């Protein structure tokens, strides 16, 4: 086969195999979440296991110790925090009818305020319609929350039960991790093994920066947000802290999304509380972006801010909240793989030429 033909079929074959793998994963994605979470859990805990494994304890006892400690922490968290969250969700849902009534009472006052201003009739009509539509949208959102909150609690509990398999997956991955890695490298041909090790090393940097870094930052943001809301006397501060931590997993947009529930709740308290809450979330966002994220995550994903925005918006359009969270690491992985596939297909790593007929090297 000619050099040009080889340069074409090699990346094409890899892309076709990758597309087929993605198609297969999409077909069975509904049963993969526990295994995915187990892999994330194993990846996040692996550094601790590796440190303990280098001591006299050995790797397998370290796995048992780390998993036991992790499950113990989750158990304590579930016994102490989940009942509080369930109670706050229930109390919040019970307040929704009162808030709807207050919103309906406030609407005429808003309309009279607009009518009392000497402005052109077209502008007045536009402002009136906008305020009315916004009030209806807010009312509908509160009604949807009230009707879906009980079912959400049930679905959440069912999800927790179904995801009990995730720790088992993490145990197996960490228990047999070295043996699985040895078996994998035994299958990889020796001629491409160095390149595969290089690719996996880059992917490890990307994934470690996202999984370990973002999880730690999200945990810190949840704690700081809940503490700030408790200090300000905002109700449901446990729920608001957890919401802020989860939404913080969404790059750029997450902090603003996480602030919306707190601002809505504060809006039904004295008006000055909205300003205090807004200021608190701005401060938290600055702490996260200027202090926590640079030190813990850095720029390990290697993506430009525009690429991050694209990955978040595209992920949200394709898979909702989960897509917004996973969009950044998926795009970073695709970028690493495509770069190596292109270099491999064009023989750049071996000093080859793209089109040998031109006689020009890249």
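In this note's numbering, the protein residues as written are 428 to 789.
All residues carry an ideal CB built from backbone N, CA and C; glycine is no exception.
The structure presented is a predicted model; accordingly, all values stated were derived computationally and were not measured.
For residue 474, the number of other beta carbons within 10 angstroms of its own is below 16, and it is reported as exposed.
In the three-state reduction of the DSSP assignment, residue 737 falls in the helix class, which pools H, G and I. By the neighbour-count criterion, in which 16 or more other beta carbons inside 10 Å mark a residue as buried, residue 500 falls on the exposed side. Distance check between residue 508 and each of 682, 664, 631 and 491 places 664 closest, using alpha-carbon atoms only. Under the three-pair Cβ rule at 8 angstroms, the stretch 595-609 counts as touching the stretch 474-494. The continuous alpha helix (DSSP H) containing residue 624 extends over residues 620-634.
Under the DSSP assignment, residue 615 falls outside any alpha helix (DSSP H); it carries neither an H nor an E label. Three or more beta-carbon pairs separated by less than 8 angstroms are not found between the stretch 622-640 and the stretch 511-519, which leaves the two stretches without contact. Rounded to the nearest whole angstrom, the CA to CA distance from residue 627 to residue 674 is 29 angstroms. Rounded to the nearest angstrom, the gap between the Cα atoms of residue 709 and residue 666 is 19 angstroms. Inter-segment contact for the stretch 653-662 and the stretch 615-630 is absent: fewer than three beta-carbon pairs are separated by less than 8 angstroms. Counting every other CB atom within 10 Å of its CB across the protein chains shown gives residue 526 a total of 16 or more, marking it as buried. A direct Cα-Cα distance of roughly 14 angstroms separates residue 716 from residue 671.
Put simply, the backbone Cα of residue 621 is about 17 angstroms away from that of residue 769.
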